[in-house]
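Novice:
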Amino acid sequence: MKRRQRASERTVRERAVRNRRPRRSRSRQPAGGRGMKRARKTVQAILGLLAAFIFLVGSWTASYFILKALFRRFGAPSSDFVSQLLGVLLGFFILFCLGGLVSLFSRGRQRAFYIPIMNAIRRIAKGDFTAKVEDVERYGQFGELVEGINEMASELSRMETMRQDFISNVSHEIQSPLTSIRGFARALRSEDLSRETREHYLDIIETESARLSGLSDSLLKLSVLESGSFPFEAKPYRLDKQLRNILLACEPQWMGKEIEVEAELAEMTVTAVEDLLSQVWNNLLHNSIKFTPPGGKITITARLIATGAEIIVSDTGAGISKEDLPRIFERFYKADKARGAGAGGSGLGLSLVKKIVDLHRGEVRAESRPGEGTEIIVTLPPSVKEERE
Numbered sequence: 051m052k053r054r055q056r057a058s059e060r061t062v063r064e065r066a067v068r069n070r071r072p073r074r075s076r077s078r079q080p081a082g083g084r085g086m087k088r089a090r091k092t093v094q095a096i097l098g099l100l101a102a103f104i105f106l107v108g109s110w111t112a113s114y115f116i117l118k119a120l121f122r123r124f125g126a127p128s129s130d131f132v133s134q135l136l137g138v139l140l141g142f143f144i145l146f147c148l149g150g151l152v153s154l155f156s157r158g159r160q161r162a163f164y165i166p167i168m169n170a171i172r173r174i175a176k177g178d179f180t181a182k183v184e185d186v187e188r189y190g191q192f193g194e195l196v197e198g199i200n201e202m203a204s205e206l207s208r209m210e211t212m213r214q215d216f217i218s219n220v221s222h223e224i225q226s227p228l229t230s231i232r233g234f235a236r237a238l239r240s241e242d243l244s245r246e247t248r249e250h251y252l253d254i255i256e257t258e259s260a261r262l263s264g265l266s267d268s269l270l271k272l273s274v275l276e277s278g279s280f281p282f283e284a285k286p287y288r289l290d291k292q293l294r295n296i297l298l299a300c301e302p303q304w305m306g307k308e309i310e311v312e313a314e315l316a317e318m319t320v321t322a323v324e325d326l327l328s329q330v331w332n333n334l335l336h337n338s339i340k341f342t343p344p345g346g347k348i349t350i351t352a353r354l355i356a357t358g359a360e361i362i363v364s365d366t367g368a369g370i371s372k373e374d375l376p377r378i379f380e381r382f383y384k385a386d387k388a389r390g391a392g393a394g395g396s397g398l399g400l401s402l403v404k405k406i407v408d409l410h411r412g413e414v415r416a417e418s419r420p421g422e423g424t425e426i427i428v429t430l431p432p433s434v435k436e437e438r439e
């Protein structure tokens, strides 16, 4: 067998990449029951107008007969204008009386109509996100409002669960290195330790301190990115050169594990924040190196497509199970089958990747099968600055 060439430029082989054909546009969503809802609203509006017309005609008819009886008993006014004016006033008076009676009888029904909605809103305001308004269809034209309240409660419940999990995971991730540091610091007090043992304990303390520092740094970056306080200054630069430089910078890691790295980088320029995307490529490449066994292979592909630029980082590692794959971009989530016990990491790397790609109006997804490796696909628009504007 030929010896593996250790020169960086020879190991990282570049190939020309053809532009990818544009993807098919997504099919339109079906209209569903929109036609039925519109027909129902139209019928309700017609019935409302018909009821108002009946009330108006009934009021004027009653006014006519009442005035006719009064004029027959007490005599009619000498002026027709006065007679018509009295008829109009009496008609409006009867109409308002009928409206008041209808409102009085329907007041209890209206109260029963709104009580479930108000109770659900009060429960949500107090932090009970399990509140839900049942029987949405009976609310008619207010059904969309009720559905919005139910969706709000569901989203708030999901966010509260994520918040509690986040606090629990942060506490666990911080407590673990602190416990190790405290334990080995106490062990160093012993005067009977040999020099080798003492150096070993100091190395563990240094490793755990670096892990704790990395966790703090990742949390700080996530916080800054989500708060929107990070200065988003997109500038045009060569993406293929950035990927090549990152590959060469990580050479000691993948050469140390005798991993073959192949790069297919098409010449391209993107308008984005170079420092943020550098964090994305570093995280993805370090993950591939970490979970690819010695003698494996990592492939980096960058090519132009109809919607912008597509970057694919694939490896021949252990892969990720179908159950874990949808959750790998969640904070602190670790797929046990893909990450060994000694792999380390805080579970924030892919969360940072997704947040940065989202800020650039791009998309990131993962494809993997256990035992066949993992493929992370990042899609970026041609000009992030124009997309954000």
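FYI, in the working numbering the residues of the sequence shown are 51 to 439. Heads up, the beta-carbon is just placed ideally off N, CA and C, and yes, glycines get one too.
1. Could you work out which residue in Val-93, Asp-408, Gly-358, Lys-291 is closest to Ile-350 when comparing CA atoms only?
2. Could you have a look at Lys-347 and say whether DSSP puts it in helix, strand or coil?
3. May I have the straight-line CA-CA distance separating Thr-366 from Leu-293, to the nearest angstrom?
4. Using only alpha-carbon positions, find the residue among Met-168, Val-107, Phe-163, Phe-131 that is nearest to Gly-141.
5. Between the beta-carbon of Glu-310 and the beta-carbon of Leu-375, is there less than 9 Å?
6. Measuring alpha carbon to alpha carbon, tell me which residue in Glu-187, Arg-213, Gly-412 is nearest Arg-90.
7. By Cβ distance below 6 Å, which residues in the same chain neighbour Pro-286 in space, the five residues on each side in sequence not counted?
8. With three or more C-beta pairs closer than 8 Å as the rule, is the region 297 to 308 touching the region 325 to 340?
9. Could you tell me if Gly-369 is buried or exposed, where buried requires 16 or more neighbouring beta carbons within 10 angstroms of its beta carbon?
10. Return the CA-CA distance between Ser-244 and Thr-257, expressed in angstroms with no decimal places.
11. Would Lys-96 be called buried (16 or more neighbouring beta carbons within 10 Å of its own) or exposed?
12. Per DSSP, which residues does Lys-285 bridge with? Please list them.
13. Alpha carbons only, please: which of Thr-180, Phe-282, Asn-333, Ser-133 is nearest the one belonging to Arg-208?
14. Measuring CB to CB, does Ala-352 end up less than 9 Å from Leu-289?
15. Just the C-alpha distance for Asp-253 and Thr-247, rounded to the nearest angstrom, thanks.
16. On the three-state DSSP scale, how would you describe Asp-185?
Specialist: Taking the coordinates as given:
1. As a first step, residue 350 must be located in the sequence shown, where it is residue number 300. Nearest C-alpha to Ile-350: Lys-291.
2. Stepping through the sequence shown from its first residue, residue 347 is reached at position 297. If DSSP states are grouped into helix, strand and coil, Lys-347 belongs with the strands.
3. Here the question's residue 366 lines up with position 316 in the sequence shown. Here the question's residue 293 lines up with position 243 in the sequence shown. So the two alpha carbons sit approximately 20 Å from each other.
4. The count along the sequence shown starts at 1 and reaches residue 141 at position 91. Cα-wise, what sits closest to Gly-141 is Val-107.
5. As a first step, residue 310 must be located in the sequence shown, where it is residue number 260. As a first step, residue 375 must be located in the sequence shown, where it is residue number 325. Not closer than 9 Å, so no.
6. Translated into the one-based positions of the sequence shown, residue 90 becomes position 40. Closest by C-alpha distance to Arg-90, out of Glu-187, Arg-213, Gly-412, is Glu-187.
7. Working through the sequence shown from its first residue, we reach residue 286 at position 236. If we look at Pro-286 and ignore the five residues flanking it on each side, its Cβ neighbours are Thr-319, Thr-321.
8. Yes, they touch.
9. As a working note, residue 369 is residue 319 in the sequence shown. Within 10 angstroms of the beta-carbon of Gly-369 lie 16 or more other beta-carbons, which makes it buried.
10. Position 194 of the sequence shown holds residue 244. Position 207 of the sequence shown holds residue 257. Straight-line Cα distance between these residues: approximately 20 Å.
11. Looking up residue 96 in the sequence shown gives position 46. In the sequence as presented, Lys is not what sits at residue 96; that position holds Ile. When all chains shown are included, Ile-96 counts as exposed.
12. The residue you call residue 285 lines up with position 235 of the sequence shown. Paired residue(s): Ala-322.
13. Along the sequence shown, one-based indexing puts residue 208 at 158. The residue with the shortest Cα to Cα distance from Arg-208 is Thr-180.
14. As a first step, residue 352 must be located in the sequence shown, where it is residue number 302. As a first step, residue 289 must be located in the sequence shown, where it is residue number 239. In contact: Ala-352 and Leu-289 (Cβ atoms closer than 9 Å).
15. As a first step, residue 253 is located in the sequence shown; it is residue number 203 there, counting from the start. As a first step, residue 247 is located in the sequence shown; it is residue number 197 there, counting from the start. Cα to Cα, Asp-253 sits roughly 10 Å from Thr-247.
16. In the sequence shown, counting from the first residue as 1, residue 185 sits at position 135. Correct three-state label for Asp-185: coil.
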